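>
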Amino acid sequence: MSKLETIYKVLSLKQLSVDQLDEYYCDLFSSRGDNPIKRIKRRLLQDKTGELHCLLAGFAGCGKSTELNKMQKELENDFFVLNISIQDELDPVNFNYTDLIILIMQRLFEYANDNNLHIVPSLLENIKNWTTSEEISKVKEFSNDFETSIGAEAGFSIPLLSKFFTTLKNVTKLNYSAKKTINEVVEHKLADLLSLCNDLIREISHALLTNNKGLLIIVEDTDKLNIEIASKLFHIHSSVFTSLRTNMIFTYPIALKCSHISNIINGAFDSNVYELPMVKVYHKNGTENAEGINDLIELIKKRDVYDCIESEDLLVKFIQSSGGCIRDLFRMIIDAADYALDDDLEIIEEKHFNKAFIKLKRSYKETIAEKIKEDGSVISANDYYEALEKLNKSTIKQLDNSEVDLDLRHNLSILGYNGEGWYDVHPVVKEILKEREIERESEI
11 MSKLETIYKV
21 LSLKQLSVDQ
31 LDEYYCDLFS
41 SRGDNPIKRI
51 KRRLLQDKTG
61 ELHCLLAGFA
71 GCGKSTELNK
81 MQKELENDFF
91 VLNISIQDEL
101 DPVNFNYTDL
111 IILIMQRLFE
121 YANDNNLHIV
131 PSLLENIKNW
141 TTSEEISKVK
151 EFSNDFETSI
161 GAEAGFSIPL
171 LSKFFTTLKN
181 VTKLNYSAKK
191 TINEVVEHKL
201 ADLLSLCNDL
211 IREISHALLT
221 NNKGLLIIVE
231 DTDKLNIEIA
241 SKLFHIHSSV
251 FTSLRTNMIF
261 TYPIALKCSH
271 ISNIINGAFD
281 SNVYELPMVK
291 VYHKNGTENA
301 EGINDLIELI
311 KKRDVYDCIE
321 SEDLLVKFIQ
331 SSGGCIRDLF
341 RMIIDAADYA
351 LDDDLEIIEE
361 KHFNKAFIKL
371 KRSYKETIAE
381 KIKEDGSVIS
391 ANDYYEALEK
401 LNKSTIKQLD
411 NSEVDLDLRH
421 NLSILGYNGE
431 GWYDVHPVVK
441 EILKEREIER
451 ESEI
């Protein structure tokens, strides 16, 4: 396999795993301009058995998950970290807040089972009674696997209760027709389940304390949910998760951080929302930020693909076009590598960059589309373009936090930066605006 063919693996759009950090991690905090991860770590270490419920915001693709994985590694002597991915373990399109409670129970029992923890029999019996209650027993019809975990013969062992919550999670993920019924049934018995979940957390936390460790639950990909679903999770159902008596970190949509309900949400969670800034490759006045560009060059060198690109000047073009969004930078290089391999070449040339840029531009253009809201009202594509053109021409680079602006943040057409807290149109989207302007002028 040629070096160019390895690019998809080494520039994977997935976050760096804990095992990959030593090889690939690159510290970008200098050009980010802020380090919220350090502050979160300090808060956690001040009270290992605390109940910190904090929100980590940041634009999609800015590196939140990688930084959380690095923090997890740094805290491995102080915490057992339960890392939960909604994207990998649940159905993010049809997500319901009860799904997350079921998943947390499943993962807690999985940990207890894998580590042979002793859970007091009275708690196991109480949880068993919850699973065999008349309401919850209704879910048995959706999977034969329930019979072996909640049948009368099953007893109330940790492995069998672990299997029950695993089956419940899998059915809600894979069987859409069953999901609504299960969510309604669980919601009706949710107060009891939350109480049992806290009892289980208490038992596991007590066991961890014998090794001077605390419990930390990290819930990732909540920032990737549809904004309406995320709003319900953090606004309407916030008390469900803040009632869990352990330290928790949630990734948080940047659009909600800037919305009219942000103060309400902040009050429910730890009042200080932490934000991981985008890497700044331009200053507010449009001039290049050499520090940010150089940091991203070092990132590419760390992934050992620097030599796959024809020149450093061409790599800088990739970086400038990404706007500091690491995911978009990787996407363009991966696509350019494919185009080079299609040409039977082992090096990425400018023509391959151009094709990758056009592909990314087309992807963004498709996201700037008419939106039909839940109440039937419509935000037109022109509404979005007008907001983009307004920001593009602005010298102060601030937003009104309208629903249009929030949507454009959420889909990354608008990116935000550190310092004064300013915003700009994604470089790829700026090219779309230029093309629209040329079209308008040609019609005159």
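Residue numbers (this note's numbering): 11 to 454.
Idealized CB from N, CA, C, for every residue including glycine.
Bear in mind the structure is a predicted one, so any value in this text is a computation, not a measurement.
1) Would you identify the three-state DSSP class for H216, choosing helix, strand or coil?
2) Is the separation between the beta-carbon of I112 and that of T182 shorter than 8 Å?
3) Quick one: what does DSSP say I448 is sitting in, helix, strand or coil?
4) According to DSSP, which residues form a beta bridge with A67?
5) The beta strand (DSSP E) with G277 in it runs from where to where?
6) If you reduce the DSSP assignment to three classes, tell me which class S101 lands in.
7) If E120 sits next to S172, beta carbons under 8 Å apart, how far is it from one beta carbon to the other, in whole angstroms?
8) Return the first residue and the last residue of the beta strand (DSSP E) that S7 is part of.
9) State the beta-bridge partners of V435 as determined by DSSP.
10) According to the neighbour-count rule (16 or more other Cβ atoms, all chains shown, within 10 Å of its Cβ), is T297 buried or exposed?
11) Cα separation between K365 and E99?
12) Which partner residues does L225 have in the DSSP bridge list?
13) Quick check: what's the CA-CA separation for N104 versus S143?
14) So is A164 buried or exposed if we call it buried at 16+ other beta carbons inside 10 Å?
15) Work out the CA separation of K290 and L218 for me, nearest whole Å.
16) Tell me the DSSP secondary structure of V196 in three-state form.
17) Say yes only if the C-beta of I303 is nearer than 7 Å to one or more non-hydrogen atoms of the ligand PLP, and no if none qualify.
18) How is V388 classed by DSSP in three states: helix, strand or coil?
19) Measure from the alpha carbon of S22 to the alpha carbon of each residue in P46, D353, I336, I448, then state which is nearest.
20) Rounded to the nearest angstrom, how far is the Cβ of K199 from that of F89, given a contact under 8 Å?
21) Excluding the five sequence neighbours on either side, which residues of its own chain have a C-beta within less than 8 Å of the C-beta of V195, listed in chain order?
22) With a threshold of 7 Å on Cβ separation, who are the neighbours of Q25 within its own chain once the five nearest residues in sequence on each side are excluded?
23) Use the C-beta contact count for G73: other C-beta atoms within 10 angstroms, 16 or more gives buried, fewer gives exposed.
24) Could you pull the DSSP bridge partners for N257 from this structure?
25) Please say whether Y427 and P287 have beta carbons closer to each other than 8 Å?
26) Given T418, which residues of its chain have a CB within under 7 Å of its CB, disregarding the five upstream and five downstream residues?
27) Taking 8 Å as the cut-off, decide whether the C-beta atoms of A265 and L409 are in contact.
28) Do you know how far the Cα of N139 is from the Cα of G334?
29) Take the Cβ of V435 as the centre, count every other Cβ of all protein chains shown within 10 Å, and call the residue buried at 16 or more, exposed below.
30) Would you identify the three-state DSSP class for K440, choosing helix, strand or coil?
31) Quick one: is A162 buried, meaning 16 or more other Cβ sit within 10 Å of its Cβ, or exposed?
32) Based on Cα-Cα distance, which residue from N93, D101, Y107, L127 lies nearest to R117?
33) Secondary structure at I368, three-state DSSP: helix, strand or coil?
34) Can you tell me which of I382, M115, D124, I168 puts its alpha carbon nearest to the alpha carbon of S132?
35) Three-state secondary structure (DSSP) at A162?
36) Let's test the definition: count the other Cβ atoms within 10 Å of the Cβ of N257 and tell me whether it reaches 16, buried, or not, exposed.
Let me spell this out:
1) In this structure, DSSP gives H216 a helical state, which the three-state scheme calls helix.
2) yes
3) DSSP places I448 in helix when its eight states are reduced to three.
4) Y262, E285
5) No beta strand (DSSP E) contains G277, which is instead part of the alpha helix (DSSP H) from 272 to 278.
6) The question names Ser, yet the displayed sequence has Asp at residue 101. D101 falls in the coil class under three-state DSSP.
7) 6 Å
8) In the structure as shown, the chain begins at 11 and stops at 454. Residue 7 is therefore absent and cannot be evaluated.
9) I424
10) The residue in question, T297, is exposed, as its Cβ has fewer than 16 Cβ neighbours within 10 Å.
11) Computed Cα separation, rounded: 34 Å.
12) F90
13) 26 Å
14) Note on A164: pLDDT 49, under 50, position unreliable in the model; no value is reported.
15) 40 Å
16) helix
17) Ligands in the displayed structure: none, and consequently the ligand PLP is not present.
18) strand
19) I336
20) 30 Å between Cβ atoms; not a contact.
21) E145, I146, K148, V149
22) S75, T76, N79
23) buried
24) L226
25) Between P287 and Y427, the C-beta gap is smaller than 8 Å, which places the two residues in contact.
26) Sequence check: residue 418 is Leu here, not Thr. So the qualifying residues of the chain are Y394, A397, L398, I424.
27) no
28) C-alpha separation (whole angstroms): 52 Å.
29) buried
30) helix
31) Note that A162 scores a pLDDT of 47, beneath 50, so its modelled location is shaky; the value from the coordinates is reported in the next line. Exposed.
32) N93
33) helix
34) If we check each option's Cα against that of S132, I168 comes out closest.
35) Residue confidence is low: A162 scores 47 on pLDDT, short of 50, so the model does not pin down where it sits. No coordinate-derived value is stated.
36) buried
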